[in-house]
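Accompanying notes for the structure given below.
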């Protein structure tokens, strides 16, 4: 279920004096089952790009293919596309409107014309996946905390059984615990279902810990595209466009400059611990071996791991 963008351009206010080019000749492919992080400074085109993935915005120029079919072909079923490519906006209030939590999550599958029993089963399963218990089913979604609203919004999309889950800043405004809980649930869900996940985030630590591929946007164009350790090698280039590498990467660069470690490629605490242990000849590194190039499992280092060195 790949998504392919070919020379996509998008201009806000086209044919007016106030026109702004938001996307410029974007070419990329998101493969089935990938966990992709999309990063960039404010105004870089991230949110505009993800709204093209399910047809909410139509490109000014270019083509977008979902599973090999051009979504701009005459007669293409955009409603079906939006059930397959689910988008969760940055602010969950934009997607919550029913009188209670359960009704809100039922809304999407209900509009697919499914039987009531299947609609409710999908809603229960989705709410369970995001950690919302039955005691919240009859509450107004607007009475929930920020993190709970975010979970309900995600559940509403999951109830559609999408093949692709697109999350635009899903942890914005949450405390560290709430952020880790939501991202951990998303990572576990992806491991369980194999769905494709596209995560828009300003947090370098979040994308380093969870995704297997990072796309960096800058002024509407793709600036970098690769595995986290490949992208975060370009520290100076990232800083020049208002971004940064994870803190652990800066620490590793300092250690490399001091001649203490041979390379500075670590992007997570687990990888850093392993690299430091290897550099100092510490052989008992078994607890850190999960910190590989594929960050999709969301492995996060602990104090216990650092004690090994």
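Residue numbers (our numbering): 1 to 309. Idealized CB from N, CA, C, for every residue including glycine.
- Taking C-beta atoms as the reference points, residue 70 and residue 63 count as a pair closer than 8 Å.
- Counting only residues of its own chain and dropping the five nearest sequence neighbours on each side, residue 92 has a CB closer than 6 Å to the CB of 149, 150, 153.
- Residue 201 sits in coil when the DSSP states are folded into three classes, being neither helix nor strand.
- Excluding five sequence positions before and after residue 7, the CB atoms of its chain that fall closer than 8 Å to its own CB belong to 25, 26, 27, 61, 62, 63, given in chain order.
- Our two residues, residue 225 and residue 182, have alpha carbons roughly 25 Å apart in a direct line.
- In the displayed model, residue 168 falls within a strand according to three-state DSSP.
- The residues 26, 27, 28, 215, 216, in chain order, have a CB closer than 8 Å to that of residue 222 in the same chain once the five nearest residues on each side in sequence are set aside.
- In the DSSP annotation of this structure, the continuous segment of the alpha helix (DSSP H) that includes residue 229 starts and ends at 228 to 231.
- One alpha carbon belongs to residue 132, the other to residue 17, and they sit about 48 Å apart.
- Counting other Cβ atoms within 10 Å of its Cβ, residue 99 stays below 16 and is therefore classed as exposed.
- Residue 275 sits buried, since 16 or more C-beta atoms from the chains shown fall within 10 Å of its C-beta.
- Secondary-structure assignment with DSSP links residue 196 through a beta bridge to 164.
- Closest in alpha carbon position to residue 240, among 59, 74, 219, 51, is 219.
- Look at residue 244 here: in three-state DSSP terms it is coil, with no helix or strand label.
- The continuous alpha helix (DSSP H) containing residue 147 extends over residues 146 to 158.
- In this structure, residue 46 and residue 231 do not form a Cβ contact; the two beta carbons are roughly 15 Å apart against a cut-off of 8 Å.
- A contact between stretches requires three or more CB pairs, one per stretch, nearer than 8 Å, and the segment 139 to 148 meets this requirement with the segment 169 to 179.
- With contacts defined by Cβ atoms closer than 8 Å, residue 157 and residue 36 do not form a contacting pair.
- According to DSSP, residue pairing for residue 94 in a beta bridge does not occur.
- Around the beta carbon of residue 258, fewer than 16 other beta carbons lie within 10 angstroms, which makes this residue exposed.
- Under the three-state reduction of DSSP output, residue 46 falls in the helix class.
- For residue 264, no alpha helix (DSSP H) segment is defined, and its DSSP state is neither H nor E.
- It is roughly 6 Å from the alpha-carbon of residue 159 to the alpha-carbon of residue 109.
- The three-state secondary structure of residue 73, taken from DSSP, is coil.
- For residue 21, the beta-bridge partners assigned by DSSP are 11.
- Residue 105: member of the alpha helix (DSSP H) spanning 101 to 111, first to last residue.
- Secondary structure of residue 131 (DSSP, three-state): coil.
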